[in-house]
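Each remark here refers to the structure printed beneath this line.
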Amino acid sequence: MIGSLFAGHIESPGKTVEVDGEQFKEYYGSASQYQKGAYKNVEGKRILLPAKGHLQDTLTEMEQDLQSAISYAGGRRLADLKHVDYVIVKNSIWNGDASH
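Numbering (the working numbering), first residue to last: 16 to 115.
What follows is the structure, encoded as structure tokens:
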């Protein structure tokens with residue numbers, strides 16, 4: 016289920032191809048026709064994703080984002096997120112809309 020997040024990285028399986036001067040990684044799910052070699056019970060497809068660089072860079076960014084979320088919530092540890100009061104914010108607030 017998390018394969019598409021990791022896909023496109025240098026370390027991920029799949030060929031690296033160049034299209035119009037840009038690098039892409041081939042991606043296909045384990046239930047795709049390409050991986051299974053048959054069309055029976057197929058889920059997913061074979062696509063090209065923009066190359067993302069090294070996986071460690073993405074994992075570091077995710078870690079930093081999570082650390083920021085914890086600190087914005089007033090916590091210091093991951094477990095502190097259990098005690099956060101979440102608020103639903105309408106898009107109109109962010110867009111500056113004056114709708115009532």
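Using N, Cα and C, we set each Cβ at its ideal position, and we do this for glycine too.
Please read these numbers as outputs of a predicted model, since none were measured by experiment.
Please classify Lys40: is it buried, with 16 or more other beta-carbons within 10 angstroms of its beta-carbon, or exposed?
The count along the sequence shown starts at 1 and reaches residue 40 at position 25. Answer is buried; the Cβ neighbour count reaches 16.
Is Lys30 helix, strand or coil when you go by DSSP?
In the sequence shown, counting from the first residue as 1, residue 30 sits at position 15. If DSSP states are grouped into helix, strand and coil, Lys30 belongs with coil.
Determine the DSSP secondary structure at Gly18, reduced to helix, strand or coil.
Here the question's residue 18 lines up with position 3 in the sequence shown. DSSP places Gly18 in helix when its eight states are reduced to three.
Quick one: what's got a C-beta closer than 7 Å to Ala66's C-beta in the same chain, skipping five residues either side?
For the purposes of this step, residue 66 is identified with residue 51 of the sequence shown, where counting begins at 1. If we look at Ala66 and ignore the five residues flanking it on each side, its Cβ neighbours are Gly23, Thr31, Gln38, Phe39 and Lys40.
Mind checking Tyr87: buried by the 16 CB within 10 Å criterion, or exposed?
What you label residue 87 is simply residue 72 of the sequence shown in a count that begins at 1. With fewer than 16 other Cβ atoms within 10 Å, it is exposed.
Between the alpha carbons of Ile103 and Glu33, how many angstroms are there, rounded?
The residue you call residue 103 lines up with position 88 of the sequence shown. The residue you call residue 33 lines up with position 18 of the sequence shown. Using only the alpha carbons, I get a separation of about 42 Å.
Would you mind reading off the limits of the alpha helix (DSSP H) that contains Pro81?
Translated into positions along the sequence shown, residue 81 becomes position 66. Looking at the sequence shown, residue 81 is not Pro but Leu. That run of the alpha helix (DSSP H) goes Leu70 to Tyr87.
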